[in-house]
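In the working numbering, the protein residues as written are 72 to 149.
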């Protein structure tokens, strides 16, 4: 018999709150460029800000990809 250690899929109340909060804050990425950034920073400033945000999201996506492959059965994508 093989002894296999696995992680349990579980979201704590704090984890659920953090996930919900992150989703509710994330909508600003779609609304604020047109209503706030564009009038203040102009087209070039808005494009630079969105590019910086895209780079950060690529880094986060890379970390997510790593976790998904590292822990496929134990909640890497959970």
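Ideal Cβ placement from N, Cα and C applies to all residues, glycine included.
Asked, Found
"Sub-9 Å separation of residue 112 and residue 105 beta-carbons", "no"
"Residues of its chain near residue 115, where Cβ-Cβ distance is below 7 Å and the 5 sequence neighbours each way are ignored", "none"
"4-residue-minimum alpha helix (DSSP H) runs that sit fully inside the segment 86-137, ordered along the chain", "99-103"
"Cα-Cα separation between residue 122 and residue 98, rounded to whole angstroms", "17 Å"
"Sequence-distant residues of the same chain with beta carbon closer than 6 Å to residue 117, five excluded per side", "104, 108 and 109"
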